[in-house]
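Below is one structure, written out as C-alpha cells; the observations come after it.
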Ligand SMILES: NC(=O)c1ccc[n+]([C@@H]2O[C@H](COP(=O)([O-])OP(=O)(O)OC[C@H]3O[C@@H](n4cnc5c(N)ncnc54)[C@H](OP(=O)(O)O)[C@@H]3O)[C@@H](O)[C@H]2O)c1
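Residue numbers (this note's numbering): 2 to 256.
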C-alpha cells in the first residue's frame with residue numbers, strides 16, 4: 002500500500018526553490034514538484050487570488066511547502082527568501098530560476114528603463130538567487146534556468162528579452178563548468194509558446210488567433226502546456242539526469 006502511495010513520487014525527499022510560482026509555468030512546476038514528493042519554497046511579488054489558491058493547493062499536498070512574498074530581482078528580498086529556505090528546509094537540492102517578465106517593444110522605442118527592467122527581472126534575478134543559494138547546495142543538487150526558445154530564433158519587438166534570455170544560456174554553460182567539480186549540475190529549459198492563464202485572460206478572439214498562429218509554427222501543431230515544462234524540469238532535477246549538465250533543452254514542439 003505504501004509502495005503504491007509512493008509510486009510516481011520521483012522527488013521524494015528533495016527540497017526545491019522555484020522563483021515566480023504564483024502563476025503560469027512556475028505554478029505548474031511548484032505543484033508538479035510537490036505532487037512528486039518534494040518540499041517546495043516559492044516566491045511572488047503581487048498578492049491576490051492566485052497566491053491564495055496556490056497556498057490552498059499546497060496545504061492539501063503532503064510535504065513542507067512555503068509561498069513567500071519576495072522579489073527575486075531585489076538583493077535584500079532574495080536574502081530573506083533564501084533565509085526562509087534555510088530555516089524551513091535546512092538546505093536545498095534544486096533551484097529553478099523561473100521568475101521572468103516581458104513587455105514587447107519595438108527596438109526603436111525601447112527606453113533605457115525598459116532595458117534595465119528586462120535585464121533585472123530575467124537575468125539579474127537568476128544570478129542573485131543562484132549566488133545566494135550556492136551555500137545551501139551540495140553534491141547531487143542542480144539548478145535549472147528557464148530561458149526561451151525565441152532567444153534562438155530572434156523576435157521582432159523582443160530584442161531586450163531575447164538578449165537576456167540568450168545570456169542565461171551562457172550563464173548556465175559557465176556555471177556548469179564552475180560548479181561541476183562540486184557535483185552541482187546546471188541546465189536551461191527553453192520553452193516555446195506555452196498556454197498559461199495569461200493567454201486565457203485575453204479577449205477570446207485574440208486568444209484564439211494567438212493559439213492558432215503559434216500552433217501553426219510547431220511540428221506538433223499545438224501550444225505547449227505548463228505540464229510539458231514541469232515534466233522536463235522535474236526530470237532535470239531528478240537523479241535520472243545525473244549526467245546532464247550545461248545543456249539547453251528546447252521544449253517547444255519544434256518551431
Ligand atoms: N509563457 C510562455 O509562453 C513562455 C515562453 C518562453 C519562456 N517563458 C519563460 O517562462 C517563465 C515563466 O513565464 P510565465 O509565462 O509563466 O510568466 P507569468 O505567467 O507572467 O508568471 C510569472 C510568475 O513569476 C512571478 N514573478 C515575475 N517576476 C518576479 C520577480 N521578480 N520576483 C518574484 N516573482 C516574480 C509572477 O508573480 P508576480 O508578478 O506577482 O511577481 C508569476 O507568479 C519566464 O522566465 C518566461 O520568460 C514563458
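The beta-carbon is built from N, C-alpha and C at its ideal position, and this holds for glycine as well.
Residue i and residue j: beta carbons closer than 8 angstroms?
| i | j | result |
| --- | --- | --- |
| residue 169 | residue 86 | no |
| residue 60 | residue 24 | no |
| residue 16 | residue 92 | yes |
| residue 252 | residue 229 | yes |
| residue 48 | residue 70 | yes |
| residue 11 | residue 217 | no |
| residue 190 | residue 250 | yes |
| residue 44 | residue 62 | no |
| residue 162 | residue 197 | no |
| residue 152 | residue 73 | no |
| residue 40 | residue 65 | yes |
Verify the contact flag: residue i, CB atom, against every heavy atom of ligand 1, threshold strictly below 7 angstroms.
| i | result |
| --- | --- |
| residue 30 | no |
| residue 94 | no |
| residue 192 | yes |
| residue 33 | no |
| residue 45 | yes |
| residue 201 | no |
| residue 168 | no |
| residue 24 | yes |
| residue 153 | no |
| residue 54 | no |
| residue 147 | yes |
| residue 103 | yes |
| residue 20 | yes |
| residue 118 | no |
| residue 72 | yes |
On the premise that residue j lies in contact with residue i, defined as a C-beta separation below 8 angstroms, what is that separation, rounded to the nearest angstrom?
| i | j | result |
| --- | --- | --- |
| residue 34 | residue 200 | That belief does not hold up - the Cβ atoms of residue 34 and residue 200 are roughly 23 angstroms apart, past 8 angstroms. |
| residue 107 | residue 158 | 6 angstroms |
| residue 181 | residue 147 | Rounded, the Cβ-Cβ distance is 21 angstroms, inconsistent with contact. |
| residue 247 | residue 177 | 3 angstroms |
From what residue to what residue does the alpha helix (DSSP H) around residue i run?
| i | result |
| --- | --- |
| residue 130 | 126-134 |
| residue 18 | It is not in any alpha helix (DSSP H) - residue 18 instead sits in the beta strand (DSSP E) that spans 16-19. |
| residue 76 | 76-90 |
| residue 232 | 227-238 |
| residue 192 | From DSSP, residue 192 is part of no alpha helix (DSSP H) but of the beta strand (DSSP E) over 186-192. |
Residue range of the beta strand (DSSP E) that residue i falls in?
| i | result |
| --- | --- |
| residue 139 | 138-147 |
| residue 40 | 40-45 |
| residue 250 | 249-252 |
| residue 93 | 93-98 |
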